[in-house]
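So the structure is just underneath, and the comments pick up after that.
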Amino acid sequence: MKRAVIFGGAPVIPSEQPAVPEADCYICADAGVQLAQALGITPDWIVGDFDSLGKIPDGSNVVVYPAEKDDTDLILAAKYALSKNCTELIFYGALGGRLDHTIANLQMMRMLVDAGVQGILVDARHWVTLQRSGTVRYPRREGYFSLFSLTETCEDVTLEGVAYPLAHGTLSGVFPLGVSNEITAEEAVVTVGKGDLLVVFARDL
């Protein structure tokens, strides 16, 4: 497994971010270079149109794109990681800030699953990923464990090791039945028969 850590430009407090793991490559999307620098990370690649940063950084590792484009800068960074055969993408600075950007980043998670890649969004309060079918075990973390259907429905859903278990149920994309659950065992076991399930750990500061 090759891991990429990608830094976005959401307005987060660097000192409150989770520790940055070891990775095969570190990529910055536009103003995400400021977050990487604040966290002591030297990026391997910096991509974007740099409208947020306000200038084009110096260096041979900078890839400049036009401002008028279909991809967001974070998606450009994700696609760059895919071109390097990375199969786990961890994003910092991708939550919070503008709501439209946050929604775009959540939609991006489905694009990554389509490519056979796991995306993980993290910040001081959240750990977010997308599960498509199959069974996954999630270690217990501090705070709430919430599950949302990003497709019309998630079918044949079974939840074990949680305060509100479920056996072969259905989660709907129009009703947040899975919000504010908690892991009560050492791990939660989540099985999805069909559908895209957004998995969110959230805690209070």
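In this text, residue positions in the sequence shown follow the numbering used here: the first is 4, and each later residue adds one. C-beta: ideal position from N, C-alpha, C; glycine also. From a predicted model like this one, the values you see are computed outputs, not experimental measurements.
DSSP lists Val50 as the bridge partner or partners of Val66. In summary, Gly11 is buried, with 16 or more beta-carbon neighbours lying within 10 Å of its beta-carbon over all protein chains present. Within the same chain, Cβ atoms closer than 6 Å to the Cβ of Val65 are found at Ile49, the five residues on either side in sequence being excluded. Distance from the CA atom of Thr75 to the CA atom of Val193, rounded to whole angstroms, is 31 Å.
Ranked by Cα distance from Arg143, the first of Ser55, Asp54, Asp73, Val203 is Val203. Asp54 is the residue among Ala84, Asp54, Lys5, Ser86 whose C-alpha sits nearest the C-alpha of Lys72. Around the beta carbon of Val182, a 10 Å sphere encloses fewer than 16 other beta carbons of the protein chains shown; the residue is thus reported as exposed. Your pair Phe148 and Ile186 checks out as a contact, with CB atoms roughly 5 Å apart and the cut at 8 Å. In terms of Cα proximity to Asp126, the closest of Ala97, Ser175, Ser86 is Ala97. Bounds of the beta strand (DSSP E) holding Gly196 are 190-205. Here Leu56 is buried: its Cβ has 16 or more other Cβ atoms, across all protein chains shown, within 10 Å. Distance from the Cα of Leu42 is smallest, within the candidate group Ala191, Gly51, Ala22, Asp61, for Ala22. Residue state for Arg135 is assigned as strand, using DSSP reduced to three classes.
Assignment of Ala39 by DSSP, reduced to helix, strand and coil, places it in the helix class. Within the region 68-97, the complete beta strand (DSSP E) segments at least 3 residues long are 91-95, listed from N- to C-terminus. Taking all protein chains shown into account, Asn184 has 16 or more neighbouring C-beta atoms within 10 Å of its C-beta and is therefore buried. The beta-carbon separation of Leu38 and Tyr95, rounded to 6 Å, stays under the 8 Å limit for a contact. Asp33 and Ile16 have their C-alpha atoms spaced approximately 17 Å apart. Under the 8 Å Cβ criterion, the region 132-141 counts as touching the region 97-115, having at least three qualifying pairs.
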